[in-house]
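J.: Residue numbers (the numbering used here), protein chains in the order written: chain A, 889 to 1039; chain B, 889 to 1039. Glycine residues also receive a C-beta, built at the ideal position from the N, C-alpha and C atoms. If you're wondering where the values come from, they're calculated on a predicted model, not measured in any experiment.
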DNA sequence: ATTATTTATCTTAGTGACTAAGATAGTTAT
DNA sequence: ATAACTATCTTAGTCACTAAGATAAATAAT
C-alpha cells in the first residue's frame, strides 16, 4: 500500500521537524540565548567571519537588528568587531570559534554521540539510501522556500 | 570509511533541520503569521480543541501570552472561544479546521506532492530503512530535549 | 581638488509578543 | 457562608525587531 507509506513518512517528517526545532530551542535556552541568536551564531560558526551587511542579507534581518545581534554576542565575548583595512566602513564579525565551541559542544555532545551510533548501526548501502532521502528532501525544501520568498 | 559516513550524515542533518526551519518560516510569513503563531496553530489543528491552560502547558508560554495568541487567531476568525459548560472559567479554543486548512493547504501543496513523489521513488525495503532512521532520530531528539528541560 | 553620490553600519522611535505579578470570576471544600 | 483554589485576563515592563534617518567612509563626476 503505497499511500500508507507516503502518509507514514509524512507524519514522521512532521515529527522530525517539530522535535528538531524543540531540541534546538532547548539547547539555545540552556546556553543562555534568547530567541533566534543561537541560529545565527551557528551561521557565523559555519561560514566564518563576515561583514554585518553579509549577515543581514543571509538572515533577512535589517542592518539595525544585526547591530543589536552583534552587540549581544560581543557582550558575551563570543565575537569581535574588526574594521576592514581596505574599506574602513565595513565591520567584520569575527567569531571566537574556540569560545563558542566551548559553550555549545557540551550541549551537543550526547546528541552527536547517539546520532553517530545510530548512523553506525546501518550498512553502507543503507546509509546511501538515507543520504539520498535526506539530500533530496533538503533540495525540495530549498526550492519551496525560494519560490515563496520570491512572491 | 565509517567516520566519513557519520560526518556526512551529520552535515545532512544540520542542513535538513535548518532548511526545514527556513521553509516553515517562509510558509508562516506567506500566510500572514508573525513569529511562532504558525507553529501553535499547527498544534491546535493536530490536537483539536483544548483549553487555554492546556495550550499554555503544551507550549510553555505563560497564560498571558496565550491570551494574546488566541486574540490574534480569533481576530482572523481561525478559532473561536467557547466557555466550558460544566466549568465556566475554562475557555476552549475551538479551531475552525476548514478555514485553517483553506489558508494553509495551498502553501503546503507543492511540498506535499514533491515529498510524496520522493517517497514513492523508494522500494518498500528502502522505505523501512528511512522510517527506521527517522523514527529513531526523533526518539533521540526527544530524549535530549527532555534531559535539557529538566535541568 | 571639491562636491555629489553611493555604500556600510549605527542610532532612534515605535511596534509587537513575551514574562511576571496581580485582578477577576467561577469552583470546590470546610 | 467563607476560605482556598483554579482558569483566564489585565497591566506594566522588557526585549528584539522594523523603518527611517544619521554618520562616516569610499567612489564618481565635474
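1. I need the straight-line Cα distance from residue 890 of chain B to residue 1001 of chain A, nearest angstrom please.
2. Just confirm the distance between the C-beta atoms of residue 1032 of chain A and residue 911 of chain B, as a whole number of angstroms; I'd bet it's less than 8 Å.
3. Across the region 961-969 of chain B and the region 1008-1025 of chain B, are there enough close Cβ pairs to call them in contact, namely three or more that are closer than 8 Å?
4. Count the CB pairs spanning the region 913-930 of chain A and the region 889-903 of chain A that are closer than 8 Å, and state whether there are at least three.
5. Classify residue 994 of chain A: buried if its beta carbon has 16 or more other beta carbons within 10 angstroms, exposed otherwise.
6. Is the region 912-923 of chain A touching the region 941-953 of chain A, taking contact as three or more C-beta pairs under 8 Å?
7. Counting only beta-carbon separations shorter than 9 Å, does residue 954 of chain A have a partner in chain B?
8. Do you know offhand how far residue 920 of chain A's Cα is from residue 1010 of chain B's?
9. Secondary structure at residue 1078 of chain B, three-state DSSP: helix, strand or coil?
10. Are residue 909 of chain A and residue 909 of chain B closer than 9 Å when you measure CB to CB?
11. By how many angstroms is the C-alpha of residue 906 of chain A removed from the C-alpha of residue 1005 of chain B?
12. State buried or exposed for residue 1007 of chain B, treating a residue as buried only when at least 16 other CB atoms are found within 10 Å of its CB.
13. Give the residues of chain A in contact with residue 926 of chain B, contact being defined as C-beta atoms less than 7 Å apart.
14. So who's on the other strand from residue 979 of chain A, going by DSSP bridges?
15. What does a CB cutoff of less than 7 Å around residue 958 of chain A pick up in its chain, not counting 5 residues either side in sequence?
16. From the DSSP output, in three-state form, read off residue 1029 of chain A for me.
17. For chain B, find out if any of its Cβ atoms is closer than 9 Å to the Cβ of residue 950 of chain A; answer yes or no.
18. Let me know if residue 922 of chain A comes out buried or exposed under the rule of 16 or more other beta-carbons within 10 Å of its beta-carbon.
19. State buried or exposed for residue 1025 of chain A, treating a residue as buried only when at least 16 other CB atoms are found within 10 Å of its CB.
20. Assuming residue 1015 of chain B and residue 893 of chain A form a contact by the criterion Cβ under 8 Å, report the distance between their Cβ atoms to the nearest whole angstrom.
21. State yes or no: is the beta carbon of residue 890 of chain A nearer than 9 Å to at least one beta carbon in chain B?
22. Anything in chain A within Cβ reach of residue 1004 of chain B, meaning under 7 Å, just list it in chain order.
23. Which term fits residue 1003 of chain A, buried or exposed, when burial requires 16 or more other beta carbons within 10 angstroms of its beta carbon?
24. Fully enclosed by the region 890-926 of chain A, which alpha helix (DSSP H) runs are 4 residues long or longer?
25. Which class does residue 950 of chain B belong to by DSSP, given the choice of helix, strand or coil?
26. Determine the chain A residues that contact residue 898 of chain B at a beta-carbon separation under 9 Å, and present them in chain order.
27. Looking at C-alpha atoms only, which residue of B:984, B:978 and B:976 is the closest neighbour of residue 964 of chain B?
T.: Per the coordinate set shown:
1. The alpha-carbon atoms of residue 890 of chain B and residue 1001 of chain A are separated by roughly 14 Å.
2. At roughly 6 Å, the Cβ-Cβ gap stays under 8 Å, so residue 1032 of chain A and residue 911 of chain B are in contact.
3. In short, these stretches do not touch, since the Cβ pair count stays below three.
4. No, the region 913-930 of chain A does not touch the region 889-903 of chain A.
5. That one is exposed.
6. Segments in contact, no.
7. Answer no: the Cβ-Cβ gap between residue 954 of chain A and chain B never drops below 9 Å.
8. Their Cα atoms are separated by approximately 42 Å.
9. Residue 1078 of chain B cannot be examined here, being either before or after the span of chain B that is shown, 889 to 1039.
10. The criterion of a C-beta distance shorter than 9 Å is satisfied by residue 909 of chain A and residue 909 of chain B.
11. Taking the straight line joining both Cα atoms gives about 22 Å.
12. Its Cβ being crowded by 16 or more others within 10 Å, residue 1007 of chain B is buried.
13. None at all; the shortest Cβ gap to chain A is about 11 Å.
14. As computed with DSSP, residue 979 of chain A is found in a beta bridge with A:971.
15. Around residue 958 of chain A: 940, 967, 969 and 981.
16. Collapsing the DSSP output to three states places residue 1029 of chain A in a helix.
17. No, residue 950 of chain A lies away from the interface with chain B (no Cβ there is under 9 Å from its Cβ).
18. Residue 922 of chain A is exposed by the Cβ-count criterion.
19. Sixteen is the threshold: when 16 or more other Cβ atoms of the shown chains lie within 10 Å of the Cβ of residue 1025 of chain A, as they do, the residue is buried.
20. Their Cβ separation, rounded to whole angstroms, is 5 Å, which keeps residue 1015 of chain B and residue 893 of chain A in contact under 8 Å.
21. For residue 890 of chain A, the nearest CB of chain B lies under 9 Å from its own CB, placing it at the interface with that chain.
22. Residue 1004 of chain B reaches chain A at 894, counting residues in chain order whose Cβ is nearer than 7 Å.
23. Buried is the call here.
24. Inside the region 890-926 of chain A, DSSP marks whole alpha helix (DSSP H) runs of 4 or more residues at positions 890-918, from first to last along the chain.
25. Coil, per DSSP.
26. Simply 1000, 1003, 1004 and 1007.
27. When each option's Cα is compared against that of residue 964 of chain B, the closest is B:984.
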